[in-house]
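Below: one structure, written as structure tokens.
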Amino acid sequence: MNKGVINKLNACWLLLIIVIYALIQGLIGVGILNYYYQITLITICLNIILAISLNLVIGVCGQFSLGHAGFMCVGAYVGALIVQSNPTIVGLIIGLVVGMIFSGLVSLIVAIPVLRLRGDYLAIATLGFAEIIRIIVQNMEITKGASGLTNIPKMTSFTIVYIALVLALIVIVNFGRSSHGRACIAIREDEIAAEAMGINLTRYKCTAFVIGAMIAAVAGTLYATYFRVIKPDIFSFNKSIDILVIVVFGGMGSMTGSIIAGIVLGLINMFLQPYAELRMIFYAISIVLIMIFRPQGLLGTKEFTFSGLRKKGGK
Amino acid sequence: MALLQTKRLTRNFGGLAAVSDVNLTLEDNELVGLIGPNGAGKTTLFNLLTGVYEPSKGTIELRVGKEMQSIGGMKAHKVSQLGLARTFQNIRLFKNMKVYENVTLAMHKDCKYGLLSAFLRLPSFYKEEQRMYDKAMELLKLVGLDSKKDELAKNLPYGEQRRLEIARAMATNPTILFLDEPAAGMNPQETHDLTELIRKIKEEYNMTILLIEHDMSLVMNVCERIYVLDYGRMIANGTPEEIKHNPRVIEAYLGEEV
Ligand SMILES: Nc1ncnc2c1ncn2[C@@H]1O[C@H](COP(=O)(O)OP(=O)(O)OP(=O)(O)O)[C@@H](O)[C@H]1O
Ligand SMILES: [Mg+2]
Numbered sequence: 007m008n009k010g011v012i013n014k015l016n017a018c019w020l021l022l023i024i025v026i027y028a029l030i031q032g033l034i035g036v037g038i039l040n041y042y043y044q045i046t047l048i049t050i051c052l053n054i055i056l057a058i059s060l061n062l063v064i065g066v067c068g069q070f071s072l073g074h075a076g077f078m079c080v081g082a083y084v085g086a087l088i089v090q091s092n093p094t095i096v097g098l099i100i101g102l103v104v105g106m107i108f109s110g111l112v113s114l115i116v117a118i119p120v121l122r123l124r125g126d127y128l129a130i131a132t133l134g135f136a137e138i139i140r141i142i143v144q145n146m147e148i149t150k151g152a153s154g155l156t157n158i159p160k161m162t163s164f165t166i167v168y169i170a171l172v173l174a175l176i177v178i179v180n181f182g183r184s185s186h187g188r189a190c191i192a193i194r195e196d197e198i199a200a201e202a203m204g205i206n207l208t209r210y211k212c213t214a215f216v217i218g219a220m221i222a223a224v225a226g227t228l229y230a231t232y233f234r235v236i237k238p239d240i241f242s243f244n245k246s247i248d249i250l251v252i253v254v255f256g257g258m259g260s261m262t263g264s265i266i267a268g269i270v271l272g273l274i275n276m277f278l279q280p281y282a283e284l285r286m287i288f289y290a291i292s293i294v295l296i297m298i299f300r301p302q303g304l305l306g307t308k309e310f311t312f313s314g315l316r317k318k319g320g321k
Numbered sequence: 004m005a006l007l008q009t010k011r012l013t014r015n016f017g018g019l020a021a022v023s024d025v026n027l028t029l030e031d032n033e034l035v036g037l038i039g040p041n042g043a044g045k046t047t048l049f050n051l052l053t054g055v056y057e058p059s060k061g062t063i064e065l066r067v068g069k070e071m072q073s074i075g076g077m078k079a080h081k082v083s084q085l086g087l088a089r090t091f092q093n094i095r096l097f098k099n100m101k102v103y104e105n106v107t108l109a110m111h112k113d114c115k116y117g118l119l120s121a122f123l124r125l126p127s128f129y130k131e132e133q134r135m136y137d138k139a140m141e142l143l144k145l146v147g148l149d150s151k152k153d154e155l156a157k158n159l160p161y162g163e164q165r166r167l168e169i170a171r172a173m174a175t176n177p178t179i180l181f182l183d184e185p186a187a188g189m190n191p192q193e194t195h196d197l198t199e200l201i202r203k204i205k206e207e208y209n210m211t212i213l214l215i216e217h218d219m220s221l222v223m224n225v226c227e228r229i230y231v232l233d234y235g236r237m238i239a240n241g242t243p244e245e246i247k248h249n250p251r252v253i254e255a256y257l258g259e260e261v
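As given, the protein sequences belong to chains V and X, one line each in that order.
Note that my numbering has the first sequence beginning at 7, numbered continuously upward.
Note that my numbering has the second sequence beginning at 4, numbered continuously upward.
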């Protein structure tokens, strides 16, 4: 067992994080990753943030939520409005924080009645709440109704998205490997046994749900301040399904899986962009194939770790 | 004052009285057996005591500090926090968690670090994780599973899963331990080891234990007192000797060797 934050394994992680960043930044610098590719890059990063936060709710805690786009929506609108009135980096940070707080509060209001339900009922209820959020936004003055917000200052760059992704990953992985995270996993494994061992079910389901919603809000704010236009349609049921597909594709409970699936599906999407109809067909077929041949997803619940790598290398 | 006391405890499922008018008392550091034919209501009684089911009628009182507190219908996690722990007849381990994680999970209610410490891995996180890990290893040693700590619970053989259930229940730091057929599916050697383990837990940890078991040799061997349930009713209560010769018990088991 490692005794502190500063150790070899964490140094490996830090190195990996920096190398990937430097590599991508370099490719942007020499012009290989042009503007078009950068859009894909940002989309992939934001989708990964959304997927790992949904994976916390579905994969780690076992609560099947179909309303993740709703929380992204809250973050996007709150963040965009704040950045519009204060188009500086400080404004962006305030936007991110207030977006998270708003989303956290909304998710708590949703969680308390909804998390009593199980399985299909929970899925339908979360879906309903996400639609309610979207319809409220569609009908408010301040959010400019169905036409949405335009001319949002572009405050976000790859660097900011990357930092957010790394932080989100650290928070989620560290949570999953703490006693609190184990409480959530135990709920997924067996609610009755978890409760008999002293775990307050409502409390830990809510904890996972609210953390997931707050991180989804970050992705929302970053989306709004990168793409500069948001409207309620973006955060429809389809968006929730897109995120869910990444989670299922990668493996429920595996953050590594969500990252790989986010990248793979993002690239497939980009290459199939010119053939819009084909894209949907291909997408559907690949999901059906995954469900047939690897119902547990690409990675199941496995994770990539440096300590695991060392063990394999040592054998 | 008794440690745990039920009065006229009743639970109906539709028209079926699975448990009816049961009066049961447990004193400190007692090892008590609960026997009865299949479907007598033993597990249902456990479920009532540990908050899985709400009583239809009757009361359950637990001594907390110096007072008797009513715990009937209280949520299972609250009951657990008051010091009642259990194992399950139809094993309910956290299958995809490691053996030692099953045990540390049961200590979560006393976990001393918050979410922030967990996110940021502050020193309190490492300190507390180490404490939980050490305590888990101590309990795994007690049940003889310390060498299997890193296996997934689902990969353990049956008998070891039952012992892990006991270690997990012990990890909640209980005052009363409810064991639901801990010897089911075990061979005679394993049953013998289990008998020793139960004795040891009672002596070393000063535990009060209520034990459901169909293995009569085990029950007669370790229990100081035995309750007998039949069709939801408590038909006898006494020492193993008294129970063996009680005509109502013999009748309930219909000539089976008691
Ligand atoms: N949730 C439930 N819903 C309906 N009936 C139930 C429920 N739980 C138990 N019963 C019924 O209550 C009766 C007592 O069941 P219980 O499981 O308590 O018996 P038991 O004494 O533990 O038996 P065994 O020795 O087979 O474990 C049985 O007739 C059972 O079918
Ligand atoms: Mg039973």
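We put the beta carbon where it would ideally sit given N, CA and C, even for glycine.
Residue i CB to nearest chain V CB: under 8 Å?
i, result
"residue 21 of chain X", "no"
"residue 104 of chain X", "yes"
"residue 178 of chain X", "no"
"residue 93 of chain X", "no"
"residue 109 of chain X", "yes"
"residue 127 of chain X", "no"
"residue 26 of chain X", "no"
"residue 170 of chain X", "no"
"residue 213 of chain X", "no"
"residue 84 of chain X", "yes"
"residue 231 of chain X", "no"
"residue 247 of chain X", "no"
"residue 55 of chain X", "yes"
Return helix, strand or coil for residue i, following the three-state DSSP convention.
i, result
"residue 70 of chain X", "strand"
"residue 263 of chain X", "Any answer about residue 263 of chain X is impossible in this case: the structure gives chain X only from 4 up to 261."
"residue 307 of chain V", "coil"
"residue 240 of chain V", "helix"
"residue 194 of chain V", "helix"
"residue 321 of chain V", "Model confidence at residue 321 of chain V stands at a pLDDT of 43, short of 50, so the residue's coordinates are unreliable; what they give is reported in the following sentence. The answer is coil: DSSP assigns residue 321 of chain V none of H, G, I, E or B."
"residue 57 of chain X", "coil"
"residue 124 of chain V", "coil"
"residue 175 of chain X", "coil"
"residue 148 of chain X", "coil"
"residue 148 of chain V", "coil"
"residue 64 of chain X", "strand"
"residue 277 of chain V", "helix"
"residue 124 of chain X", "coil"
"residue 36 of chain V", "coil"
"residue 235 of chain V", "coil"
"residue 44 of chain X", "coil"
"residue 272 of chain V", "helix"
"residue 24 of chain X", "strand"
"residue 72 of chain V", "coil"
"residue 314 of chain V", "helix"
Look up residue i in the DSSP assignment and give the residues it is bridged to.
i, result
"residue 236 of chain X", "X/233"
"residue 16 of chain X", "X/19"
"residue 211 of chain X", "X/179"
"residue 10 of chain X", "X/62"
Would you say residue i faces chain X, with C-beta separation under 8 Å as the test?
i, result
"residue 321 of chain V", "Annotation note: pLDDT 43 at residue 321 of chain V (below 50); position unreliable, coordinate value reported separately. Residue 321 of chain V does not count as touching chain X."
"residue 262 of chain V", "no"
"residue 181 of chain V", "yes"
"residue 196 of chain V", "yes"
"residue 137 of chain V", "no"
"residue 177 of chain V", "yes"
"residue 309 of chain V", "no"
"residue 147 of chain V", "no"
"residue 153 of chain V", "no"
"residue 2 of chain V", "Look at the range of chain V in this structure, 7 to 321, and you will see that residue 2 of chain V is not part of it."
"residue 303 of chain V", "no"
"residue 314 of chain V", "no"
"residue 283 of chain V", "no"
"residue 118 of chain V", "no"
Taking a cut-off of 7 Å, which residues have a beta-carbon closer than that to any heavy atom of ligand 2, in chain order?
-> The filter returns X/45, X/46, X/92, X/183, X/184 and X/215, in chain order.
Segment contact, 8 Å Cβ cut-off, at least three pairs: the segment 206 to 221 of chain V with the segment 169 to 189 of chain X | no
Decide if the segment 30 to 45 of chain V is in contact with the segment 220 to 231 of chain V; the criterion is three or more beta carbon pairs, one per stretch, under 8 Å apart.
-> No, the segment 30 to 45 of chain V does not touch the segment 220 to 231 of chain V.
Is it true that the segment 222 to 234 of chain V meets the segment 83 to 92 of chain V, where meeting means three or more beta-carbon pairs spaced less than 8 Å apart?
-> Yes, since at least three Cβ pairs between the segment 222 to 234 of chain V and the segment 83 to 92 of chain V fall closer than 8 Å, the two stretches touch.
Is the segment 93 to 110 of chain V close to the segment 234 to 253 of chain V, with three or more CB pairs under 8 Å?
-> no
Answer yes if the segment 133 to 147 of chain X comes into contact with the segment 94 to 109 of chain X, meaning at least three C-beta pairs across the two stretches below 8 Å, and no otherwise.
-> yes
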